[in-house]
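Chemist: One structure, pasted below without further comment.
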Amino acid sequence: MIKFWFDKYRNKRASHRIRALRPVEGLKSLGHDADIINDKSIDRLSKDDIVIFTKDTDPGQMLKLKQQGYTVGFDICDNKFKEARENYTVYCREADFITCNTEFQQKETLKYTGRHSHVYIDPIERNIEPHQRSTCDPVELVWYGGSASLKYVGFGDIIPYLNRSGINLRLTIITNDAQEKVHHLTEMGNVVYHEWSYELQEAKVRNSDIVFIPMTIGKAHLSRRTITKSPNRLLDGIAQGKWVVASPVPSYQQASKFCWLDDYLEGIRFYLEQPSTVQEKIYKGQEWIRQHHSKEVCAQQLIDIYKKVKS
Numbered sequence: 013m014i015k016f017w018f019d020k021y022r023n024k025r026a027s028h029r030i031r032a033l034r035p036v037e038g039l040k041s042l043g044h045d046a047d048i049i050n051d052k053s054i055d056r057l058s059k060d061d062i063v064i065f066t067k068d069t070d071p072g073q074m075l076k077l078k079q080q081g082y083t084v085g086f087d088i089c090d091n092k093f094k095e096a097r098e099n100y101t102v103y104c105r106e107a108d109f110i111t112c113n114t115e116f117q118q119k120e121t122l123k124y125t126g127r128h129s130h131v132y133i134d135p136i137e138r139n140i141e142p143h144q145r146s147t148c149d150p151v152e153l154v155w156y157g158g159s160a161s162l163k164y165v166g167f168g169d170i171i172p173y174l175n176r177s178g179i180n181l182r183l184t185i186i187t188n189d190a191q192e193k194v195h196h197l198t199e200m201g202n203v204v205y206h207e208w209s210y211e212l213q214e215a216k217v218r219n220s221d222i223v224f225i226p227m228t229i230g231k232a233h234l235s236r237r238t239i240t241k242s243p244n245r246l247l248d249g250i251a252q253g254k255w256v257v258a259s260p261v262p263s264y265q266q267a268s269k270f271c272w273l274d275d276y277l278e279g280i281r282f283y284l285e286q287p288s289t290v291q292e293k294i295y296k297g298q299e300w301i302r303q304h305h306s307k308e309v310c311a312q313q314l315i316d317i318y319k320k321v322k323s
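Now the structure itself:
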């Protein structure tokens, strides 16, 4: 029914897990045929399938399958129409259909390609957990993401801003292959770096107070890539029982009742001064996530896309 094509699937890549592995799990839980495939498992394909390609694959393989009569699509989960224009242009021109992860990315796709795209959400991938706090001495903040994301986060301005607050804070940065990139940040004080792993991220979030997702200080301009980002990190933080303090990225607004999307220090102080309200907001957010961002909800959106594409 629905197959996701990767030249080389990498479980350490969040986009691979969230845009393919979790949807496959959701589709299978609803009783549908779904899989992650490559050129060594092409025998699993049938002409009734749709095959979704990602930005990390060779457009030539998609063209080859299309010529053989398969229905092929291209999934856009990063706004790379400028830095990856050549691949994106081929994919978007040749794909039978296009998918993306937010309405904001849908608008960007239309702007650059003139083509409509179908949205299927990023499902949460962590378990829903009860709210827990540390001793708050220091208040434990954790940021995690790919090392490429660091250039979009103004930590050079944000960390001194936090350090001037008078609040005893510690920021843990979890990413991959970035020790040299973040060395100057750790020298600012109250900042710790850890090399990313799926298990370490889960442990550090569990022992933290706040999942911290900043972009800029104040009203600074958000990049076009940032504006189209999905709320997957924000929602996974809430799912794991944590207070999330973040920049007001457009897609985050849907969860604004359950987190803090304003001044970072005000959000941290709210966490310290209003523990009961924070817990109530988190639990309401978790219920909302169950209804709107589960693997099964994502799977149903993909089933609807399949029906439209095959009709």
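So that you can map any letter, position 23 of the sequence shown is 35 in this note's numbering, and since no number is skipped, the others follow by simple counting.
Backbone N, C-alpha and C define an ideal beta-carbon position, used for all residues, glycine too.
The structure displayed is predicted, hence computed values, not measured ones.
Taking all protein chains shown into account, decide if Q286 is buried (16 or more other Cβ within 10 angstroms of its Cβ) or exposed.
Modeler: Result: exposed.
Chemist: How is E207 classed by DSSP in three states: helix, strand or coil?
Modeler: DSSP places E207 in strand when its eight states are reduced to three.
Chemist: Going by DSSP in three states, D61 sits in which element: helix, strand or coil?
Modeler: Three-state result, D61: coil.
Chemist: So the candidates are Q252, E152, R182 and G279; which of them puts its Cα closest to the Cα of S259?
Modeler: Selected option, being the one with the closest Cα: G279.
Chemist: Specify whether the stretch 214-227 and the stretch 239-258 touch according to this definition: at least 3 beta carbon pairs, one from each stretch, less than 8 Å apart.
Modeler: With a cut-off of 8 Å, the stretch 239-258 and the stretch 214-227 count as touching, because enough Cβ pairs lie within range.
Chemist: From the DSSP output, which residues share a beta bridge with K15?
Modeler: Answer by DSSP bridge pairing, in chain order: D47 and V63.
Chemist: List the DSSP bridge partners of V165.
Modeler: Looking at the DSSP assignment, V165 forms no beta bridge with any residue, so it has no partner.
Chemist: Closest to I179 by C-alpha separation, out of M74, D274, V151 and Y295, would be which residue?
Modeler: Taking only the C-alpha atoms, the option nearest I179 is V151.
Chemist: Which class does H305 belong to by DSSP, given the choice of helix, strand or coil?
Modeler: In this structure, H305 counts as coil in the three-state DSSP scheme.
Chemist: What residues match up with D87 in a beta bridge as DSSP calls it?
Modeler: According to DSSP, D87 bridges with T111.
Chemist: Pick from I315, L75 and L284: whose alpha carbon is nearest that of D149?
Modeler: Out of I315, L75 and L284, L284 has the C-alpha closest to the C-alpha of D149.
Chemist: Per DSSP, which residues does T184 bridge with? Please list them.
Modeler: DSSP lists V154 and V204 as partners of T184.
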